[in-house]
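Take a look at the structure below.
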Amino acid sequence: MKTAADYSPYPANFLDRNGLKYHYINEGSGDPVVMVHGNPSWSYYYRELVAELRDSFQTIVPDHIGMGLSDKPGDDRYEYTLTSRIDDLEALLQHLGINKNITLVVHDWGGMIGMGYAARHPEQIKKIVALNTAAFHMPKAKKLPKRLFMGRNTAIGEFLIRRFNAFSSLASYIGVKRAPMPADVRQAFVAPYNNWQNRIATVRFVQDIPLEPGDKAYELVSSIEASLSQFADIPVFLGFGLQDFVFDKHFLAQWKHHFPHAEVHEYPDCGHYVLQDAAKDIIPLINEFIRRD
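Residues 398 to 690 in my numbering are what the sequence shown lists, from first letter to last.
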């Protein structure tokens with residue numbers, strides 16, 4: 398049976414994070430393009446965009462702890478929180494000497510993580526590419542979907558995710574709308590999450606969704622949202638599959654509110670995994686946006 402490593406098309410690199418292996422892709426040279434994935438995907442999601450850009454840019458794509466090719470520790474060895482994720486990304490970029498002219502490409506929870514880093518280092522950010530993601534609280538017009546509510550708030554929800562890979566497996570089917578994922582691609586998306594222990598991060602991400610004051614990440618998300626005004630004058634690209642059952646038109650509207658001059662590309666027939674679903678359309682557009690002076 399293939400492992401996640403068999404599907405990764407690029408050489409593996411690892412940073413030691415307090416005794417844990419933190420995997421990242423590091424391809425090409427030039428100005429850095431830092432791609433931050435969400436839940437329940439991994440660096441594989443950005444494989445085609447890396448291929449488009451690595452001739453002219455340094456493309457850096459980490460796997461969050463507990464995901465992809467990174468270690469998947471228990472709660473006794475890692476705190477699965479938004480703060481930890483931002484700290485990890487910060488440590489990686491410091492390790493690589495990345496501190497200027499960064500293009501951030503973010504998807505899903507990668508928006509919170511990437512923009513959390515940007516809030517700490519606004520002077521380092523050159524451009525932003527946001528794909529079916531958020532860097533702010535749940536829009537008032539949007540309710541938490543029932544599937545996420547179960548995973549976040551119930552023991553049965555956590556059991557289903559960890560026993561049957563209900564989150565990653567389901568996402569590989571409903572995350573695309575134009576056409577089903579080819580079997581080998583779907584297997585690659587779910588490969589890192591092949592047993593109970595290896596699915597810990599997929600459920601901890603859901604449990605860390607902040608909905609009200611007092612939730613662990615609530616104040617941090619508030620501060621990230623407040624920081625967005627710092628980036629009003631830099632180029633922003635918004636690419637959204639509008640059939641995403643979470644990051645839908647309500648989230649896109651919020652991005653447009655914060656960045657009224659953004660370049661916007663909407664895909665009414667696409668879902669959450671917009672880079673997979675609309676690859677032929679959106680990857681050339683992102684490529685051109687990043688290369689544009």
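Cβ atoms here follow ideal geometry from the backbone N, Cα and C, with glycine treated the same way. The structure displayed is predicted, hence computed values, not measured ones.
Check: How far does the alpha helix (DSSP H) with His655 in it reach, from first residue to last?
Finding: As a position in the sequence shown, residue 655 is number 258, starting the count at 1. Where His655 is concerned, the enclosing alpha helix (DSSP H) stretches over Lys646 to His655.
Check: Where do the ends of the alpha helix (DSSP H) carrying Thr480 lie?
Finding: If you number the sequence shown from 1, residue 480 lands on position 83. Start and end: Leu479 to Leu493.
Check: First and last residue of the beta strand (DSSP E) that includes Lys523?
Finding: Here the question's residue 523 lines up with position 126 in the sequence shown. Run containing Lys523: Ile522 to Thr530, per the beta strand (DSSP E) assignment.
Next item on the list: Could you spell out where the beta strand (DSSP E) holding Val458 opens and where it closes?
Entry: Here the question's residue 458 lines up with position 61 in the sequence shown. Its beta strand (DSSP E) spans residues Gln455 to Pro459.
Checklist line | Given 8 Å, three or more beta-carbon pairs between the region 422-438 and the region 455-468 | finding: Enough Cβ pairs lie closer than 8 Å, so yes.
Next item on the list: Alpha carbon to alpha carbon, how far is Gly425 from Ser453? Give it in angstroms, no decimals.
Entry: By 1-based counting over the sequence shown, the position of residue 453 is 56. By 1-based counting over the sequence shown, the position of residue 425 is 28. C-alpha separation (whole angstroms): 7 Å.
Notebook entry, point to check: The beta strand (DSSP E) with Asn410 in it runs from where to where?
Noted result: In the sequence shown, counting from the first residue as 1, residue 410 sits at position 13. It spans Asn410 to Arg414 - the beta strand (DSSP E) in which Asn410 sits, taken as one unbroken run.
Check: Once you ignore the five residues that flank Thr599 on each side, which residues in its own chain have a CB closer than 7 Å to its CB?
Finding: In the sequence shown, the residue the question calls residue 599 occupies position 202. Result list for Thr599: Asn436, Pro437, Ile558, Phe564, Ser565 and Tyr590, in chain order.
Item checked: Closest by C-alpha distance to Ala659, when choosing among Phe648, Leu635, Ala676 and Pro665 -> Within the sequence shown, residue 659 is the residue found at index 262, counting from 1. Ranking Phe648, Leu635, Ala676 and Pro665 by CA distance to the CA of Ala659 puts Leu635 first.
Notebook entry, point to check: Under the rule that 16 or more other beta-carbon atoms within 10 Å means buried, what is His707, buried or exposed?
Noted result: Outside the displayed range of the chain (398 to 690) lies residue 707, so it cannot be described from this structure.
Item checked: As assigned by DSSP and simplified to three states, the class of Glu609 -> For this step, residue 609 is matched to residue 212 along the sequence shown. In this structure, Glu609 counts as coil in the three-state DSSP scheme.
Checklist line | Thr400 burial status per 10 Å Cβ neighbour count (16 or more: buried) | finding: Residue 400 sits at position 3 when you count from the first residue of the sequence shown. So Thr400 ends up on the exposed side.
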